[in-house]
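Chemist: Read in order, the letters of the sequence shown correspond to residues 674 to 773 in this note's numbering.
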Amino acid sequence: MSEKTLTRMDLSEAVFREVGLSRNDSAQLVESVLAHMSDALVKGEQVKISSFGTFSVRDKAARVGRNPKTGDEVPISPRRVLTFRPSHLMKDRVADGNKR
Numbered sequence: 674m675s676e677k678t679l680t681r682m683d684l685s686e687a688v689f690r691e692v693g694l695s696r697n698d699s700a701q702l703v704e705s706v707l708a709h710m711s712d713a714l715v716k717g718e719q720v721k722i723s724s725f726g727t728f729s730v731r732d733k734a735a736r737v738g739r740n741p742k743t744g745d746e747v748p749i750s751p752r753r754v755l756t757f758r759p760s761h762l763m764k765d766r767v768a769d770g771n772k773r
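1. Is the number of C-beta pairs between the region 721 to 733 and the region 682 to 697 that are closer than 8 Å three or more?
2. Check the DSSP bridge columns for GLY726 and list the partner residues they point to.
3. Output the boundary residues of the beta strand (DSSP E) element that contains GLU746.
4. Distance cutoff 8 Å, beta carbons only. Does THR743 sit that close to anything in chain C?
5. Using the rule of at least 16 other Cβ atoms within 10 Å of the residue's Cβ for burial, across every protein chain shown, is SER750 buried or exposed?
6. Tell me the DSSP bridge mates of ARG736?
7. Could you check whether the region 757 to 766 touches the region 730 to 741, counting it as contact only if at least three pairs of C-beta atoms, one from each stretch, sit closer than 8 Å?
8. Check whether the Cβ of LYS742 sits closer than 7 Å to any heavy atom of the ligand ATP, and report yes or no.
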């Protein structure tokens, strides 16, 4: 399995090659899209990208956990977590990629 990580710079370079914007404009476009996505998630909105998946924020309630090393009970405070659900098309595409 590949150890490569897709970065913001990789995305802006792809926009530069595919769309033909300048490198600076491509980087600004990628930053703008990511900022809009982040802002929506902070507000508690879902971010749904067709044929890719849905990002959403879930509120998790407070609960009692257990330290696996000592067995002591530990309170876990309520928090918000980011979740991602891939679309069926993305799931199929990833699964097909494993067959190569």
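Ideal Cβ placement from N, Cα and C applies to all residues, glycine included.
Modeler: With the structure as the only source:
1. no
2. ILE722 and PRO759
3. 746 to 749
4. In summary, chain C is missing from the structure at hand, where a single protein chain is found.
5. exposed
6. ILE749
7. no
8. The ligand ATP is not part of this structure, which contains no ligands at all.
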